[in-house]
Amino acid sequence: MLGFFDWCLRGIGQVVFQNNPLSGLIILLALFFNSAIYGTICILGVVVATATAILLKADKGMIRDGLFGFNGALVALALVAFTSADFRTGAVPSPYMTVYIVFAAAMTTVTFSSIAALLGPHKVAALTSPFVLIGWLFLFAVLKFDSIHAGPLAKPVSPDQYATDVAYLLPTWYQGIGNAIGQIFFQDNWITGYLIVLGIAINSRISAGMGLIGAAGAALVAVVFGGPEGAIRDGLFGYNAALTAIALGGFFLVLTWRSFIYTLFGIVVTTWLWASIAIFLSPIAMPVLTSAFVLVTWLALIGAPGFKALTLVEPSAATTPEDNKRRYLLDFEERTSGY
Amino acid sequence: MLGFFDWCLRGIGQVVFQNNPLSGLIILLALFFNSAIYGTICILGVVVATATAILLKADKGMIRDGLFGFNGALVALALVAFTSADFRTGAVPSPYMTVYIVFAAAMTTVTFSSIAALLGPHKVAALTSPFVLIGWLFLFAVLKFDSIHAGPLAKPVSPDQYATDVAYLLPTWYQGIGNAIGQIFFQDNWITGYLIVLGIAINSRISAGMGLIGAAGAALVAVVFGGPEGAIRDGLFGYNAALTAIALGGFFLVLTWRSFIYTLFGIVVTTWLWASIAIFLSPIAMPVLTSAFVLVTWLALIGAPGFKALTLVEPSAATTPEDNKRRYLLDFEERTSGY
Amino acid sequence: MLGFFDWCLRGIGQVVFQNNPLSGLIILLALFFNSAIYGTICILGVVVATATAILLKADKGMIRDGLFGFNGALVALALVAFTSADFRTGAVPSPYMTVYIVFAAAMTTVTFSSIAALLGPHKVAALTSPFVLIGWLFLFAVLKFDSIHAGPLAKPVSPDQYATDVAYLLPTWYQGIGNAIGQIFFQDNWITGYLIVLGIAINSRISAGMGLIGAAGAALVAVVFGGPEGAIRDGLFGYNAALTAIALGGFFLVLTWRSFIYTLFGIVVTTWLWASIAIFLSPIAMPVLTSAFVLVTWLALIGAPGFKALTLVEPSAATTPEDNKRRYLLDFEERTSGY
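Protein chains in written order, with the numbering used here: chain A, 1 to 339; chain B, 340 to 678; chain C, 679 to 1017.
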């Protein structure tokens, strides 16, 4: 029972690649700080997805690392966020909607296993792709059943829904960066965002730093290229880029100067592609979710073994940037000392 | 020549996973019962696709099992159904359209080989994905060539095209279930649907039962969640779910209590995703075809080896639920008796 | 330095599968003949993509064969073509747009490595898929940043944007065929098209012939099925089919009567699917690029090992149709003479 508690907290941490129950706990508290509804829904999602993995007798090591839980937490948060009249605080879902969320969270577990199997030979992780796929599919259907009521999708989900003639000010930056981290969990609250960074830093300072670099880099790119101020301050340009930065910046690639520049490149491309996918999806009023992050990170990692300038870390070996680097240097020493 | 006849009948049976010429014959007669045009088009499709496989010297075992034929039959039926003024009976295609159908059916053979190669390492079948892919691609182009005339897509293809304030009555159920089975072959005729169930039962009673459970389950989900009565009675919610039920219910997974619950879960998710994909496709007026079935069944099977609670049956070993179970128990006995 | 020059010219030739610097040079001159802007942009794209591969320490043999360059050249041309007021000559990109093009070209290198890794086990090449994927993604985002100005997408990109009652005349044919080859490089100039054919013929007469057969076959299919004259004369129906013809006609399949008929089949299907995808994309005003070619050629090749009537040539062994055939006959002789 205590184990299950631990696995679920790790599941919350795994959204931002932190296999650490304390990180998960701080992030959960950060959600509650913004809205008790979102905090509770996050628990529902991670519990259902993890329990489904246990019932289906999935790999115990992966369950314990929280790997089956994080997509469930995200899909539950997304379904509430985009069907609530007020995006910021969320609304308590109806009984029908709750059943729907439970099925969606359980389906992320099945999907995670499938995508992991497909990517297995390439030694690349499923990332949040189960959440993106199931999130999109379940959000569409919401619009069609009488018993489930879709909100007005009150939150703009695409840059072209913002005014374009607003000046960039200081809050554009410090709120934009915090909000970008918060938006990973659908939290439109920049203080929550910085609390999540704190939760990451407990486990890895490099990952926390990369998250901030990703969010700040995205804001910079958007400002330079004249993106709308409201979308930047709301963190919309940055939440995908922050995840790309954490993933490429030391977690799935050993951190070196070359891989750091590769990460910066990934941040810029992710920022643009967020806008791109948002525009692509706007005719059907669908949110981007974390699809830009998944796409860029997959492209950057699947091809990495073809580039000798980069050292890929297998999903099962990836722990923290600090630890990945230490092991890599140890390996290097052993190889060069002749053993 | 008699062999070819047998392979084509098996091809018709393979649409619903029945590698049995008598099942294929009964299903073909069920189509003729509804419309001689559809019956003839079904023959054209399966013959072209099977003949293409022979000309390209494909694997003889697969040709004999009818595996190259069923996608050709479906794509031919789809192209006629969605370009006829009257969806129910179909219309005789023009010479141009007939050429087009022949190429589409031949292309499903090429596509089947490719998708089977891609899925080979995962021991999962291509299902009706060649039909879905080629069906969509060839349906789009229809709208653009002067010589091929698209019908008014008279048949609603999405739940939001039905009135929402109609009450559920007895015919909603018994016609809805029959129509769901019929819609697998684009037959808007509930008696034809029950005749197809009879054709399945000749070869496997479990598969026939699963088909009915899938169609009924979908109707139940749609009723509980307030789906439009017309769409339920027309079997639209159910034809994907019926296929998912047959595929997961003993055919590609050994039937146990656990896998049966997994199948029920798949039925519910397929029902919702049919609605979801229908809404996604409605701006371009494209039908869902069997994409919801393919997607859910792939996700459920590709990840199955990661779940010890489920036992996957390889496509080349899958015969009937009854036989799969018998062989599995035999294996189990041998393993536990120490040999 | 001279090496780099050679690799980049080969990169231009690789767009049409010609690993030959002289072919690349003639094609580059053909572009300059139409527009110095496009010629320069083509150089920018191929240089950035090739240099990125060098910086990331990609496989030297692949860099030398120009394999990292051709998608970069295409994406740079596409971004200029679809953001210029005048599609025919192109416009000098703004500094912002130039930065954007550089990132897009570099991203094709990363994407090429990833798609090559995914397709590796199937012994099928990435083709121009990195260009299609990155081209689409970067074109969408263009519409959203203030600093990058999208043109009116002045060039119609779908057959339904042309008048349908224009008669087919001689120029429909000879200009249509030339333009189809030109459109591979976004050159709306039929003389440039024939100069490109000349560049191909320097390296392989069969490939040059196949390109012409593909373009002519596409025009024929479009005429028979009543496609709009303007779209045929502008080469829109043919540029995907020409590439399919070169790829299947001796380059990735040993040329025999059977594979030639298979190639003709591929030409017809590619022509239809170009129209199909154009219509699918028209609500979001996106061009097809070479997606129809990539899709049909992948389907035709990934499944090819399942057809004994066809002999697949691995990407690393594919040189020219003439050489592929010679090596195949040599192999055959050795096998039958008992060694």
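The beta-carbon is built from N, C-alpha and C at its ideal position, and this holds for glycine as well.
Which two residues bound the contiguous alpha helix (DSSP H) that contains residue i?
| i | result |
| --- | --- |
| F344(B) | L341 to Q353 |
| S792(C) | P773 to L797 |
| N749(C) | F748 to A759 |
| F671(B) | P660 to T675 |
| R427(B) | Per DSSP, R427(B) belongs to no alpha helix (DSSP H) and is neither H nor E. |
| A656(B) | From DSSP, A656(B) is part of no alpha helix (DSSP H); its letter is neither H nor E. |
| L139(A) | S129 to V142 |
| K60(A) | K60 to R64 |
Kindly list the residues whose CB is nearer than 6 Å to the CB of residue i, restricted to its own chain and excluding five residues on each side of it in sequence; keep chain order.
| i | result |
| --- | --- |
| K833(C) | Residue confidence is low: K833(C) scores 49 on pLDDT, short of 50, so the model does not pin down where it sits. Its coordinate-derived value is still stated next. Answer for K833(C): F765, listed in chain order. |
| V608(B) | V635 |
| A247(A) | T297 |
| G605(B) | T583, L587, V635 and A639 |
| T192(A) | A30, F33, N34 and G182 |
| G405(B) | W346, R349, G350 and Q353 |
| G589(B) | I545 and P660 |
| M549(B) | A584, I585 and G588 |
| V221(A) | V268 and T271 |
| W529(B) | Q514, G517 and N518 |
Per DSSP, residue i is paired with what?
| i | result |
| --- | --- |
| L312(A) | L253(A) |
Under the assumption that residue i contacts residue j (Cβ atoms under 8 Å), give the Cβ distance between them as a whole number of angstroms.
| i | j | result |
| --- | --- | --- |
| V254(A) | V313(A) | 6 Å |
| V197(A) | I181(A) | 6 Å |
| G908(C) | V844(C) | 6 Å |
| I704(C) | I955(C) | Not confirmed; about 30 Å, so no contact. |
| Q696(C) | I884(C) | Contact doesn't hold; Cβ gap of about 12 Å is too wide. |
| W950(C) | A480(B) | 5 Å |
| T290(A) | N240(A) | 6 Å |
| A397(B) | G984(C) | 6 Å |
| A309(A) | L733(C) | 7 Å |
| P993(C) | A803(C) | 4 Å |
| L264(A) | G217(A) | 7 Å |
| T109(A) | F68(A) | 5 Å |
Ordered along the chain, which non-local residues of its own chain (more than five positions away) have a Cβ less than 7 Å from that of residue i?
| i | result |
| --- | --- |
| M446(B) | I473 |
| L345(B) | Here residue 345(B) is Asp; the residue named in the question, Leu, does not match the sequence. Here the set comprises P360. |
| E1011(C) | none |
| G176(A) | A219, I232, R233, G235 and G238 |
| L378(A) | Within the shown structure, residues of chain A are numbered from 1 to 339, placing residue 378(A) beyond reach of any answer. |
| A759(C) | F765, G768 and F864 |
| Y162(A) | P156, P228, G230 and A231 |
| V431(B) | I376 |
| G459(B) | none |
| T311(A) | L253, V254 and Y328 |
| S113(A) | A58 |
| V387(B) | G411, V441, A444 and A445 |
| A886(C) | V875, I878 and A879 |
| D294(A) | With the sequence shown as reference, residue 294(A) is identified as Val, and Asp is not the correct amino acid for it. Hits under 7 Å: L127, T128, S129 and V132. |
By Cβ distance, which residues of its chain are closer than 8 Å to residue i, with the 5 residues on each side in sequence left out?
| i | result |
| --- | --- |
| Y194(A) | G178 and I181 |
| L757(C) | P771, M775, Y778, I779, A782, G813, F816, L817 and V820 |
| I741(C) | W685, T728, A731 and I732 |
Segments assigned alpha helix (DSSP H), at least 4 residues, entirely inside the stretch 486-567 of chain B: 509-522, 529-542 and 544-563
Runs of alpha helix (DSSP H) wholly within the stretch 359-391 of chain B (minimum 4 residues, chain order): 360-373
Runs of alpha helix (DSSP H) lying entirely within the stretch 582-638 of chain B, each at least 4 residues, in chain order: Entirely contained in the stretch 582-638 of chain B, the alpha helix (DSSP H) runs reaching 4 residues are, in chain order, 596-620.
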